[in-house]
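Peer 1: Here the protein sequences come in this chain order: R and S.
Be aware that the first sequence starts at 598, since it is given in this note's numbering, and climbs by one per residue.
Be aware that the second sequence starts at 598, since it is given in this note's numbering, and climbs by one per residue.
2 protein chains.
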Amino acid sequence: MPKDFIVDLVEGIKKKKSHVCVGLDPDFERIPGHIKEMAINEYGPNRRAIGEAILNFNREILEAVKDSVAVVKLQIAWFEEYGHWGLKALEETISFAHHKKLLTILDIKRGDIGSTASAYARGYLGEVNFWYGVKKKLFNADAVTLNPYLGGDSIEPFLKIMKENRRGAFVLVKTSNQGSKDFQDLQLKNGKLFYEHVAEKVNEWGGDLVAEAIPYSQLGAVTGATFPGAAEKLRKLMPKSYLLVPGYGAQGAGPEDVVSFFNEDGLGALVNASRSIIFAYEKEKYPDQHQWAARQAVEQMRTDINDALKKAGRLAWD
Amino acid sequence: MPKDFIVDLVEGIKKKKSHVCVGLDPDFERIPGHIKEMAINEYGPNRRAIGEAILNFNREILEAVKDSVAVVKLQIAWFEEYGHWGLKALEETISFAHHKKLLTILDIKRGDIGSTASAYARGYLGEVNFWYGVKKKLFNADAVTLNPYLGGDSIEPFLKIMKENRRGAFVLVKTSNQGSKDFQDLQLKNGKLFYEHVAEKVNEWGGDLVAEAIPYSQLGAVTGATFPGAAEKLRKLMPKSYLLVPGYGAQGAGPEDVVSFFNEDGLGALVNASRSIIFAYEKEKYPDQHQWAARQAVEQMRTDINDALKKAGRLAWD
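The following block contains the structure:
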């Protein structure tokens with residue numbers, strides 16, 4: 598019987614001593630030329646070759662970072678952009694990540710009404726209806742990200758399938774972009790900020806999904822590293838939620854910005870960096886240094902965060 | 598040179614005398630048995646056959662409703678659920694709809710940070726980067742739906758590509774589900790409801806995208822028919838936005854509920870029904886009556902809405 602996503606995640610973090618999540622945003626334009634050439638040589642300059650180039654790039658990045666992280670985040674937009682060939686590369690990237698014993702968070706940010714939300718939940722985290730009543734796993738991601746705008750009944754179908762399949766999800770609470778201020782920061786009549794209200798709801802929805810083994814819930818939240826001032830409040834509002842913290846690296850946040858997203862136990866936050874790791878090779882002399890560059894970047898980030906946590910007395914190990 | 602989406606839409610609505618949008622939510626479980634059997638006979642009980650069954654069902658529904666509506670809405674979740682074979686069926690359904698001179702709204706409800714939003718916008722409404730600097734249209738939808746939770750800078754990349762490609766979008770403002778009350782109905786410190794504030798932003802963002810020929814913007818809004826009490830206010834806050842109004846039929850709203858979503862000119866709203874039309878055959882004796890049943894249902898809905906508008910003195914024709 599599989600363990601809960603959140604139990605696997607915490608175990609993996611402790612084992613690898615790494616709070617880093619590598620984000621795979623495989624922007625086709627930025628994939629090293631030699632990987633593209635190999636794909637074109639095999640399939641010609643068509644859409645299938647684009648899918649192959651994306652998949653091969655992902656495989657090489659996963660090989661490079663697999664000892665430095667417990668989990669990777671796949672941003673589905675960069676696959677979807679290329680239609681069904683892109684989605685095929687996504688399915689195969691998830692399989693490959695699992696083969697390398699990495700957990701996968703699929704960054705889909707979906708939110709829709711009940712029956713539609715169920716379709717998404719079945720496809721990404723559960724089992725879809727197949728022929729003759731058979732059910733089959735499809736994308737088989739370990740966790741997804743969700744958009745809360747449609748309210749509780751849009752999250753409910755995910756909670757149900759998360760329970761049945763022991764999977765996880767992270768609800769957008771305070772996102773890392775500057776525009777997140779437009780709506781998320783609005784002040785409500787009762788004095789709270791809008792995102793604080795969402796955080797309370799996440800805490801409520803996730804209460805039923807706290808793992809027995811550890812005091813963390815299968816339902817986490819997305820809280821941008823670019824707004825460290827909000828961290829302490831958010832941490833208090835959702836004490837049992839793991840926080841997925843994007844915005845490190847290319848978006849500007851550094852190690853000192855993420856410390857307050859962690860609990861006293863030195864756990865509770867997963868810091869994501871995407872472009873600054875997977876495209877680290879762009880600062881190097883040779884494009885075939887992409888694996889070396891990614892490994893250097895992720896190791897640096899791992900060390901920097903651990904050092905900052907140690908300084909703050911919140912390191913979960915040694 | 599193509600016309601603006603919104604100009605084509607209004608022309609089509611007038612030509613067909615129909616404010617109805619048929620929603621394609623091709624739930625595989627509910628597709629008539631004989632269509633599934635044909636697919637299995639051709640490909641065997643595999644995922645490719647599921648994609649074929651979905652595509653063939655869509656084709657038959659589109660044939661059945663093509664004279665009764667100007668536009669169809671495709672809910673991407675029901676395709677995505679089946680991974681790359683599902684997305685292939687979606688790409689081909691959009692092509693087929695265009696072949697039948699129908700406009701397509703792709704119900705994706707996406708919302709993400711800048712560079713990621715650009716990837717979605719390129720894929721669904723614009724052109725993606727192909728080999729050797731070539732750009733190609735991919736999904737080629739005429740319009741999409743968008744989730745505003747991430748704020749203005751998550752909408753901006755869509756506005757840019759909508760302008761370049763003369764496409765449309767509908768931003769979620771007040772959705773048709775009961776749970777929409779959880780966040781969208783929260784009262785702000787300044788006394789406004791949250792969704793009213795979003796409506797004002799939609800009006801602002803869309804100001805730059807008002808078509809020259811008609812006083813409507815390429816940027817519309819989603820406003821649920823299930824909350825007719827909100828219609829008048831929303832109509833005033835976004836006078837130049839076309840309102841995509843879901844919730845008719847299976848979700849409970851009727852013709853009298855949608856009248857207030859229209860402007861005085863008898864335009865400005867597009868009323869969507871999905872399951873009550875495409876699965877209307879389930880109430881009939883024979884499953885191969887699916888085309889007949891869908892045509893009956895859409896014609897009934899068309900007439901009912903026109904009658905209600907006529908009674909209110911808001912019929913745009915005769």
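C-beta: ideal position from N, C-alpha, C; glycine also.
Please read all numbers here as calculations on a predicted model, not as lab measurements.
Among R:SER777, R:ALA890 and R:ARG763, whose alpha-carbon lies nearest the alpha-carbon of R:LEU769?
Peer 2: As a first step, residue 769 of chain R must be located in the first sequence, where it is residue number 172. Nearest of R:SER777, R:ALA890 and R:ARG763 to R:LEU769, Cα basis: R:SER777.
Peer 1: In angstroms with no decimal places, state the Cα-to-Cα distance between R:ALA810 and R:GLY609.
Peer 2: In the first sequence, residue 810 of chain R corresponds to position 213, counting from 1. In the first sequence, residue 609 of chain R corresponds to position 12, counting from 1. Going from the Cα of R:ALA810 to the Cα of R:GLY609 covers about 14 Å.
Peer 1: Which residue comes first and which comes last in the alpha helix (DSSP H) that contains S:ILE752?
Peer 2: For the purposes of this step, residue 752 of chain S is taken as the residue at position 155 of the second sequence. Its alpha helix (DSSP H) spans residues 749-762.
Peer 1: Are the Cβ atoms of R:ILE603 and R:ALA808 separated by less than 9 Å?
Peer 2: Start at 1 with the first residue of the first sequence, and residue 603 of chain R comes out as number 6. Start at 1 with the first residue of the first sequence, and residue 808 of chain R comes out as number 211. Contact flag set, yes.
Peer 1: Between the C-alpha atoms of S:ALA667 and S:PHE625, what's the straight-line distance to the nearest angstrom?
Peer 2: Looking up residue 667 of chain S in the second sequence gives position 70. Looking up residue 625 of chain S in the second sequence gives position 28. The C-alpha of S:ALA667 lies about 25 Å from the C-alpha of S:PHE625.
Peer 1: Alpha carbon to alpha carbon, what distance is there between R:ILE875 and R:HIS932?
Peer 2: Residue 932 of chain R falls outside the range modelled here, since chain R spans only 598 to 915, and no answer is possible.
Peer 1: Output needed for R:ASP885: all residues of its chain with C-beta closer than 7 Å, excluding positions within five of it in sequence on either side, in chain order.
Peer 2: Translated into positions along the first sequence, residue 885 of chain R becomes position 288. Excluding positions up to five away in sequence, the list reads PRO629 and HIS631.
Peer 1: Just to confirm, are R:ALA890 and R:TYR878 a CB contact at a threshold of 9 Å?
Peer 2: Numbered from 1 along the first sequence, position 293 holds the residue referred to as residue 890 of chain R. Numbered from 1 along the first sequence, position 281 holds the residue referred to as residue 878 of chain R. Yes, these two residues count as a Cβ contact at 9 Å.
Peer 1: How would you label R:TRP914, buried or exposed, when you count the other beta carbons within 10 angstroms and need 16 or more for buried?
Peer 2: As a working note, residue 914 of chain R is residue 317 in the first sequence. By the neighbour-count rule (16 or more Cβ atoms within 10 Å), R:TRP914 is not buried but exposed.
Peer 1: Exposed or buried, what is R:GLU881 when buried is set at 16 or more other beta-carbons lying within 10 Å of its beta-carbon?
Peer 2: Along the first sequence, read from residue 1 onward, the residue named residue 881 of chain R stands at position 284. Counting Cβ neighbours within 10 Å, R:GLU881 comes out exposed, since fewer than 16 surround it.
Peer 1: Against chain R, does S:TYR883 count as a neighbour if the rule is that its beta carbon must be under 9 Å from one of theirs?
Peer 2: Position 286 of the second sequence holds residue 883 of chain S. S:TYR883 does not count as touching chain R.
Peer 1: Please list the terminal residues of the continuous alpha helix (DSSP H) segment that includes S:ARG916.
Peer 2: Within the shown structure, residues of chain S are numbered from 598 to 915, placing residue 916 of chain S beyond reach of any answer.
Peer 1: By the three-class DSSP mapping on this structure, what secondary structure does S:LEU864 have?
Peer 2: Mapped onto the second sequence, residue 864 of chain S falls at position 267. Three-state result, S:LEU864: coil.
Peer 1: Quick check: what's the CA-CA separation for R:LEU743 versus S:VAL855?
Peer 2: Within the first sequence, residue 743 of chain R is the residue found at index 146, counting from 1. Within the second sequence, residue 855 of chain S is the residue found at index 258, counting from 1. Those two C-alpha atoms are separated by around 30 Å.
Peer 1: Compare the beta carbon distance of S:VAL725 and S:ILE702 with 9 Å and say whether it is the shorter of the two.
Peer 2: The residue labelled residue 725 of chain S in the question sits at position 128 within the second sequence. The residue labelled residue 702 of chain S in the question sits at position 105 within the second sequence. One thing to note: S:VAL725 has its Cβ no nearer than 9 Å to the Cβ of S:ILE702.
Peer 1: At a Cβ cut of 9 Å, what residues of the stretch 678-693 of chain S count as close to chain R, listed as they run along the chain?
Peer 2: GLU678, TYR679, GLY680, HIS681, TRP682, GLY683, LEU684, LYS685, ALA686, LEU687 and GLU688
Peer 1: Report the option in R:GLY680, R:ASN869 and R:GLU853 whose CA atom is closest to the CA atom of S:LYS733.
Peer 2: As a first step, residue 733 of chain S is located in the second sequence; it is residue number 136 there, counting from the start. It is R:GLY680.
Peer 1: What would DSSP say about S:SER814, mapped onto helix, strand or coil?
Peer 2: The residue given as residue 814 of chain S occupies position 217 in the second sequence. In this structure, S:SER814 counts as strand in the three-state DSSP scheme.
Peer 1: State yes or no: is the beta carbon of R:HIS794 nearer than 9 Å to at least one beta carbon in chain S?
Peer 2: Taking the first residue of the first sequence as 1, we reach residue 794 of chain R at position 197. Taking Cβ atoms only, chain S reaches closer than 9 Å to R:HIS794, which makes this a yes.
Peer 1: Report the neighbours of R:PRO836 on chain S: residues whose CB is nearer than 9 Å to its CB, in chain order.
Peer 2: Within the first sequence, the letter at position 239 stands for residue 836 of chain R. Within 9 Å Cβ-Cβ: nothing; R:PRO836 doesn't reach chain S, min ~22 Å.
Peer 1: Would you give the residue range spanned by the beta strand (DSSP E) that S:GLU724 belongs to?
Peer 2: Residue numbering aside, residue 724 of chain S sits at position 127 when the second sequence is read from its first letter. First-last of the beta strand (DSSP E) with S:GLU724: 724-726.
Peer 1: For S:TYR729, count neighbouring C-beta atoms within 10 Å of its own C-beta (all shown protein chains included) and say buried if the count is 16 or more, exposed if not.
Peer 2: By one-based count along the second sequence, residue 729 of chain S stands at place 132. The residue is exposed, with fewer than 16 neighbouring Cβ atoms inside 10 Å.
Peer 1: Can you give me the start and stop residues for the alpha helix (DSSP H) that S:VAL928 sits inside?
Peer 2: The requested residue 928 of chain S is not part of the displayed model; chain S covers only 598 to 915.
Peer 1: Below 7 Å between beta carbons is the criterion; list the residues of the stretch 717-744 of chain S that meet it against any residue of chain R, in chain order.
Peer 2: TYR717, ARG719, GLY720, VAL725, ASN726, TRP728, TYR729, LEU735, PHE736 and ASN744
Peer 1: Using only the alpha-carbon positions, how far apart do S:LYS754 and S:ALA718 sit?
Peer 2: Translated into the one-based positions of the second sequence, residue 754 of chain S becomes position 157. Translated into the one-based positions of the second sequence, residue 718 of chain S becomes position 121. Lys is not the amino acid found at residue 754 of chain S; the sequence shown has Pro there. Distance between the alpha carbons of S:PRO754 and S:ALA718 is about 7 Å.
Peer 1: Span of the alpha helix (DSSP H) holding S:THR690?
Peer 2: In the second sequence, counting from the first residue as 1, residue 690 of chain S sits at position 93. First-last of the alpha helix (DSSP H) with S:THR690: 680-696.
Peer 1: S:TYR883: buried (16+ other C-beta within 10 angstroms of its C-beta) or exposed?
Peer 2: Stepping through the second sequence from its first residue, residue 883 of chain S is reached at position 286. S:TYR883 comes out exposed.
Peer 1: What does DSSP give as the partner residues of R:TYR845 in its beta bridges?
Peer 2: As a first step, residue 845 of chain R must be located in the first sequence, where it is residue number 248. In the DSSP output, where bridge partners are listed per residue, R:TYR845 has R:ALA850.
Peer 1: What are the boundary residues of the alpha helix (DSSP H) that R:ILE875 is part of?
Peer 2: In the first sequence, residue 875 of chain R corresponds to position 278, counting from 1. 872-875 is the extent of the alpha helix (DSSP H) around R:ILE875.
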